[in-house]
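There are 4 protein chains.
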Amino acid sequence: MMNRVILVGRLTKDPELRFTPNGVAVATFTLAVNRSFTNQQGEREADFINCVVWRRPAENVANFLKKGSLAGVDGRVQTRSYDGQDGKRVYVTEVLAESVQFLEPKGQGQTSDRGDNNYSRQNDQGSPFGNQNQNQRQNQGYTKVDEDPFAGGGQIDISDDDLPF
Amino acid sequence: MMNRVILVGRLTKDPELRFTPNGVAVATFTLAVNRSFTNQQGEREADFINCVVWRRPAENVANFLKKGSLAGVDGRVQTRSYDGQDGKRVYVTEVLAESVQFLEPKGQGQTSDRGDNNYSRQNDQGSPFGNQNQNQRQNQGYTKVDEDPFAGGGQIDISDDDLPF
Amino acid sequence: MMNRVILVGRLTKDPELRFTPNGVAVATFTLAVNRSFTNQQGEREADFINCVVWRRPAENVANFLKKGSLAGVDGRVQTRSYDGQDGKRVYVTEVLAESVQFLEPKGQGQTSDRGDNNYSRQNDQGSPFGNQNQNQRQNQGYTKVDEDPFAGGGQIDISDDDLPF
Amino acid sequence: MMNRVILVGRLTKDPELRFTPNGVAVATFTLAVNRSFTNQQGEREADFINCVVWRRPAENVANFLKKGSLAGVDGRVQTRSYDGQDGKRVYVTEVLAESVQFLEPKGQGQTSDRGDNNYSRQNDQGSPFGNQNQNQRQNQGYTKVDEDPFAGGGQIDISDDDLPF
DNA sequence: TTTT
DNA sequence: TTTT
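Protein chains in written order, with this note's numbering: chain X, 1 to 165; chain A, 1001 to 1165; chain U, 2001 to 2165; chain B, 3001 to 3165.
Structure (C-alpha cells):
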C-alpha cells in the first residue's frame, strides 16, 4: 500500500489555524493548482484541493502563508466521513500534508517539515476541516490562533480518540 | 503548479465502465489504501480513494481488475462540483488516473498506461462518478460495459462541453 | 512497475540544449535541491540531480530557465550505462523530466509540459548528458541552440537507434 | 525545495545489510523497474535503481525481501560523491528509501516504514553502497547481517560524521 | 564540483 | 465557491 501526493499551488485564502482540546495545532488551507492544459473552451482551469497539516508545520503555515502564497505540499490522500446535518453520511477526500514548502520569493528557504520534529507519522491524522468539508461557514465556534487560540470553546470538533495522545 | 498522486491499494469492488455519448470509455473504481500506522485503538485504517480513468486504460482496468485486485495508480488530484438533488452545491475530490498498474501476481507486467496512446493530457478530465461521489447507488441509468456498453441511453452524465471533442 | 519523481529546486547553471542528428531537441540541467534537514555539523546540504528533457519542453527550458531559476520537475528515474574512456562500464542515474514547471515569480504560469504535445511517452528517452555524466567539460562539439542548432557536426552522441524515429 | 520518489519494481538480487561502527543498520538493494513503453526495437527495457534504507526498515528489508521480490519504495533522490581509486571524483545518484512496501502476495500487508519509529528525518542519510555505485563486487570487507553482523571490522565505509550520532 |  |  502506497499513498503519496505532491502539490504546488496557491492558497485560495488565508490558512485557518485551530487547536484540539489538548492544544494540538492543526491548520487547514485550500490550494488552487492550475492545470497544465486547457479545457474545450480554451480556458485553463484549476483544482481546489483541501489540505490539512498538524503541529509545528501547522503553526508555520499559519505564520508564513496567506491568500495567494505559492506553496508545495508533500503528503497523502486521506478520506473520512461524518453524518451530515440532513442525516446522510458525507464523504470527504483531502490531503494530509506531511510537509509544506514555502515557495514565495521572500519566503524561500522557509520550510514547514514534519521531518524536523520528533512526531511519529502516526500522529498526523484527524479531520480539522469542520464537519462540513468545503463548507466552513459555521466555523464561528473555532478560534483562529491569531485571534485567541486558547479562548473558551475555541476548539476543534475532533474527539480525543482521534488525536495523538 | 504541480499535481501528482501515486497510490497502491486494492479495489473495493469491480470497476465500473461507462461511455460518453461520443463513445469514450471511462472507468471508475475505489482503491482501499491501508495506512502504514495504527490509530489510537491500535487498528490499521484505510483510505478509500475514488479514481477515474479514461479511454484505453479504462478498458484495460475493466478487463483486468476486479474487487480485491492490487493496483497502482499514477495520476493527479482533481476537483469538481455539481448541483446536488437538494439544490446545494456538492464538491468532489477524486484521483484522475493517468496510468494504472496491475500488481496481481498473475497480472504482473500488465499495464494500463495512457502514455501508450496518442491522446494529449488535455483529454483526461470529466466526472464519470455519478453525482453522488462515494454514493453510486443510483447509477442505474448508466450502462456497464459488461452488460451492454452501447445500449440506448447508456450514457454518462457529462455534458459534451467537458469532453475531449 | 511504477516510477515517479517530483523535484523542486534551483538550476546550478544554465541549461544546455542540444539536438540529435534528426533535429530533436534535448536539454540537460542540474537541479540543486536543498535538504529539509541539517547534517551532523548543522549545515543544510543539497542534492544535485541531473535532469534530461526532450523536444518542446526542452526548448522551453532553454528559453525560460537559467542558473539559479527555481523549477519543478515531474518525471521518472532513468538509468543507463556506457563504456568509459578507461574501458570500464559507467553507470548513470538521472531524472527524465516529463514536465518542467517554472516557479520564478516572473515566470509563473509558464509551463513546459510534454502533455501539451502529441508525443507518446515512448519518445522520452535517451542520454543527452555526454558520456561523462556529471562531467560535461568536453562538450565543445555540441551546439547550443542559441548559437547554431543545425551547424555541421553540432550533434549529440546518441545513436539514432535510441531516438524516437 | 521538494524531493520525492516513488518506485515499484523487483529486487535484482538479495538486499545487503550492513552496520555502521555504531551499530546502525543500513540495507542496500537495486530495484528493476520495467518501463511502460518499448524502445525502437520493440523491447521493454528496465531502469535499475539503487536504493538505500536505514535502521528498522533496513532490517525488515533484509528479512522479508530477496531477489525477485516485488517492492515499493517511497523516498528521495540523494546524491553524493567520493574519491575513486584512480584519484578522480565519482558522483553517485541513488534513492534514499524512507519506507519500503512489500508487495509480494504472501508478504502483503507487510510494511517497512520509517514513520513507525521515532527517528527524525535527519537520520536518514549516508552512503551504504560501496564506493563503486552499481559495481558492488568488492564488498568483501562489509559484513552481511545474516553472516555475522557484529563481526570485528564488519563495517561500512561511512565516517561517523555522516551518521546520526 | 554545483543553486538561493 | 476559491489562487496568480
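Glycine included, every Cβ here is placed at the ideal spot set by N, Cα and C.
Who are the Cβ neighbours of GLN1108(A) in its own chain at under 8 Å, not counting the five residues just before and after it?
In this prediction, GLN1108(A) has a pLDDT of 49, which is less than 50 and means its spatial position is unreliable; what the coordinates show is noted afterwards. Excluding positions up to five away in sequence, the list reads PHE1102.
With distance defined between alpha-carbon atoms, name the residue in TYR82(X), PRO57(X), GLY75(X), GLY68(X) nearest to LEU17(X).
PRO57(X)
Using the three-state DSSP reduction, which class does ASN39(X) fall into: helix, strand or coil?
coil
Where does GLU59(X) fall in DSSP's three states?
helix
Going by other Cβ atoms of all chains shown within 10 Å of its Cβ, with 16 needed for buried, is GLN138(X) buried or exposed?
For GLN138(X), the pLDDT reaches just 31, beneath the cut-off of 50, and the residue's location in the model is therefore unreliable, leaving the point undetermined.
When Cβ atoms are compared, which residues of the stretch 3038 to 3053 of chain B fall closer than 8 Å to chain A?
none
With distances taken between CB atoms, is the gap from ASN2003(U) to VAL2077(U) smaller than 7 Å?
yes
From THR2079(U), ASP2083(U), GLY2087(U), GLY2068(U), pick the residue whose C-alpha is nearest to that of THR2012(U); which is it?
GLY2068(U)
For LEU3096(B) and PHE48(X), what's the separation of their Cα atoms in angstroms?
31 Å
Count the other C-beta atoms from every protein chain shown that fall within 10 angstroms of the C-beta of ASN3034(B), then say buried if there are 16 or more, exposed otherwise.
buried
Can GLY2087(U) and VAL2008(U) be called in contact, C-beta distance under 7 Å?
no
For ALA1062(A), I'd like the list of residues in its chain whose CB is within less than 7 Å of its CB, leaving aside the five on either flank, ordered along the chain.
PRO1015, LEU1017, ALA1027, VAL1145
Where the stretch 3069 to 3085 of chain B meets chain A: residues whose CB sits under 9 Å from a CB there
LEU3070, GLY3072, ASP3074
CB contact check: ASN22(X) to chain A, cutoff 7 Å
no
Only counting the same chain, and skipping five residues up and downstream in sequence, which positions put a Cβ closer than 7 Å to that of ALA1046(A)?
ALA1032, VAL1033, ASN1034, ARG1035
Which of the three DSSP states, helix, strand or coil, is assigned to LEU2096(U)?
strand
Using CA atoms only, rank isn't needed, just tell me which of LEU3065(B), ASN3050(B), VAL3024(B), THR3038(B) is closest to ILE3006(B).
ASN3050(B)
On the DSSP bridge assignment, give the partners of LEU1031(A) in chain order.
LEU1011(A), ILE1049(A)
Taking the beta carbon of GLY75(X) as the centre, do at least 16 other beta carbons fall within 10 Å, making it buried, or is it exposed?
buried
Close beta carbons around GLN2040(U), own chain, < 7 Å, minus the five adjacent residues each side:
none
Under the rule that 16 or more other beta-carbon atoms within 10 Å means buried, what is GLU43(X), buried or exposed?
exposed
Does the beta carbon of ARG1004(A) come closer than 7 Å to any beta carbon on chain X?
yes
Are the beta-carbon atoms belonging to LEU1070(A) and GLU1094(A) less than 7 Å from one another?
no
Identify every residue that forms a DSSP beta bridge with MET1002(A).
VAL8(X)
Going straight from the alpha carbon of PHE3064(B) to that of PHE2037(U), what length do you get?
30 Å
Between THR1020(A), GLU1098(A), PHE1029(A), which lies nearest to ASN1010(A) when the distance is taken from Cα to Cα?
The identity of residue 1010(A) in the sequence shown is Arg, whereas the question assumes Asn. When each option's Cα is compared against that of ARG1010(A), the closest is PHE1029(A).
My output table needs one value for LEU1017(A): the three-state DSSP class, helix, strand or coil.
strand
Looking only at C-alpha atoms, which of GLU2059(U), GLN2085(U), PHE2019(U) sits nearest to SER2099(U)?
GLU2059(U)
Could you name the residues of the same chain whose beta carbon sits closer than 6 Å to that of LYS3066(B), not counting the 5 residues immediately before and after it, in chain order?
ASP3014
Name, please, each residue of chain A whose Cβ falls closer than 7 Å to the Cβ of PRO3057(B).
Those do not exist, as PRO3057(B) stays about 11 Å from chain A at its closest Cβ, beyond 7 Å.
Just grab the DSSP bridge partners of PHE102(X) for me.
ALA71(X)
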